[in-house]
Amino acid sequence: MNILVVNAGSSSLKYQLIDTDTDTLYAKGICERIGGEGALIEHKQIVKGLKVKKESPMQNHADAMKLVVAHLTDPEVGCISSMDEIQAIGHRVVHGGAYFSESILLNDDVVEKLKLCRDFAPLHTDAHLMGIKGCLETMPGKPQVLVFDTAFHQTMAPEAYVYALPYEYYEKYGIRRYGMHGTSHRYVSTEMAKLLDKPVEETKIVTCHIGNGSSISAIKGGKVMDTSMGFTPLAGVEMGTRCGDIDPAIVPYLMEAENLTPAQVNDIMNKKSGFLGVSGFSSDSRDLESTINDGPSNPKYERASLAVNILKHNIKKYIGSYAALMNGLDAVVFTAGIGENNSHLREIVCENMEFFGIEFDKEANAASPHVSETTKISTTASKVAVYVIPTNEELVIAKDTAALVAGK
Ligand code: ADP
2 MNILVVNAGS SSLKYQLIDT DTDTLYAKGI CERIGGEGAL IEHKQIVKGL KVKKESPMQN
62 HADAMKLVVA HLTDPEVGCI SSMDEIQAIG HRVVHGGAYF SESILLNDDV VEKLKLCRDF
122 APLHTDAHLM GIKGCLETMP GKPQVLVFDT AFHQTMAPEA YVYALPYEYY EKYGIRRYGM
182 HGTSHRYVST EMAKLLDKPV EETKIVTCHI GNGSSISAIK GGKVMDTSMG FTPLAGVEMG
242 TRCGDIDPAI VPYLMEAENL TPAQVNDIMN KKSGFLGVSG FSSDSRDLES TINDGPSNPK
302 YERASLAVNI LKHNIKKYIG SYAALMNGLD AVVFTAGIGE NNSHLREIVC ENMEFFGIEF
362 DKEANAASPH VSETTKISTT ASKVAVYVIP TNEELVIAKD TAALVAGK
């Protein structure tokens, strides 16, 4: 089945056309600056290896979808002859609140429930609604499926998702842990479980999705037991520009000390912290790594090292605490931009973890700094398997969409 995967942001729209029968990616691209000056589309035809980038006015997401369809069906850079060859559309949705615990076929009731998720992710939810509307206008009658980043985490028990605040705030505002990156955690944990020589129900896996945004999950028997992101994506480990877990009392303290508004302190924690805040110069792990490689003669060395060591420390703590929660550990998986590409971070996280049964294979790890396929980086004797598994959220979205449309 040919599925068009759509990831709609407020002024952008990413897409992929995937054949779920053969797991083939035919084309992918992005429309940017929708509704603004200089709107443009970048389209790649994967099979023929063609690429086009051109400015084209787009007032809204419906205009963007029309342009996407025009490129997909273009005789030269396209890959299908008409829209009829697209069987369904699968949307990536950032937040499904507590309303959605699995992917779902779009109908009016679903749209109404999605609108209620505005409370948790206002910008993203409005963008998704625009993307859905754009698809309805461009491809009326085509089945649409929503796949939620939060859904996989809905198996957590109340003791994992209720915060120890007055209970009324949970009831009144839905303040609880939701978690993010669920589609990625689901994909890599499912792939990992296939590699373990035991039934899924008996598996205990920690998945580390470490990118610009990062989250770690404890997945026992194929179900999320806990995850590091919380009510928002700010919680958990240190990230590119987010602070991750801090003592909550720091927030009112800083607001008074620096005379900050709630919006300003929120901005500091989300956009000026993490790698950027600690290093003082970059949110990108590649910049930090090259500075560390320069050695102490580089004046930025100390703070770059500190920024990376904080992340290492955070990840180790999550792996340890999640092993305790699950009463065991079969495998640790690294994925996403940093998890897949930064062999130095993987090494410093996994060293001195023999107590947990991790025997790290430094050579295998160092030999695969940029991993494009599943790679084992623990020794054969290691009780806990450590793997790098490149994530593929779009494939999960396409497969869920195909399954729902086929009535499975
Ligand atoms: P997002 O959370 O925005 O999806 P990514 O998963 O793309 O982010 O991760 C971005 C991070 O991954 C950056 O810190 C970047 O340095 C790192 N990264 C991405 N690609 C590479 C690469 N080829 N080599 C080293 N680091 C990489």
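Residue numbering for the sequence shown follows the working numbering, starting at 2 and increasing by one per position. Glycine residues also receive a C-beta, built at the ideal position from the N, C-alpha and C atoms.
Shortest alpha-carbon distance to residue i belongs to which of the options?
i	options	result
P1	L68, D331, T233, K15	There is simply no residue 1 to check, as the chain begins at 2 and stops at 409 in what is shown.
F404	P141, A89, D85, R187	According to the sequence as given, residue 404 is Ala; it is not Phe. If we check each option's Cα against that of A404, A89 comes out closest.
V334	T375, K114, A264	T375
E56	K49, G50, A65	A65
P410	R177, V148, H96, N108	In the structure as shown, the chain begins at 2 and stops at 409. Residue 410 is therefore absent and cannot be evaluated.
L5	S13, S12, D20	D20
I311	G142, D246, I81	D246
K221	L235, M193, M230	M193
F361	S369, E352, A367	E352
M157	R119, S185, S229	S229
G223	T184, K45, E239, V252	T184
V397	S12, E86, H92	H92
L326	K409, D227, V266	D227
S102	V146, H129, A152, T74	A152
M140	Y171, A63, I251	A63
When you measure from the CB of residue i to every non-hydrogen atom of ligand 1, does any distance come out below 7 Å?
i	result
I87	no
Could you tell me the alpha carbon to alpha carbon distance between residue i and residue j, rounded to whole angstroms?
i	j	result
F121	Y168	18 Å
A308	D285	11 Å
N3	E138	19 Å
D331	G79	44 Å
E38	N271	27 Å
S104	E394	13 Å
V385	N315	19 Å
V95	S215	14 Å
P297	R304	10 Å
H125	E113	15 Å
G275	G321	22 Å
L26	T392	14 Å
A9	T336	23 Å
H210	M84	35 Å
D248	F149	29 Å
G241	N213	5 Å
N366	I47	29 Å
K318	H371	25 Å
D373	D295	Looking at the sequence provided, one finds Ser at residue 373 rather than Asp. Cα to Cα, the separation comes out at about 27 Å.
E348	F282	24 Å
L289	P300	12 Å
G36	E86	28 Å
V389	V225	19 Å
N342	K173	42 Å
Y100	L115	8 Å
Who does residue i pair with in a DSSP beta bridge?
i	result
S216	H210
V225	I220
T376	V389
L1	The structure shown has nothing for residue 1, since the chain only spans 2 to 409.
A407	In DSSP, A407 forms no bridge with anything.
Beta carbon of residue i: closer than 7 Å to some heavy atom of ligand 3?
i	result
G91	Questions concerning ligand 3 fall outside what the structure shown contains, since the ligands it does hold are ligand 1.
#### Entry: Below 5 Å from a heavy atom of ligand 1 - residues by beta-carbon
Per the Cβ criterion, the list is G212, N213, G214, D285, S286, R287, A337, G338, I339, N342.
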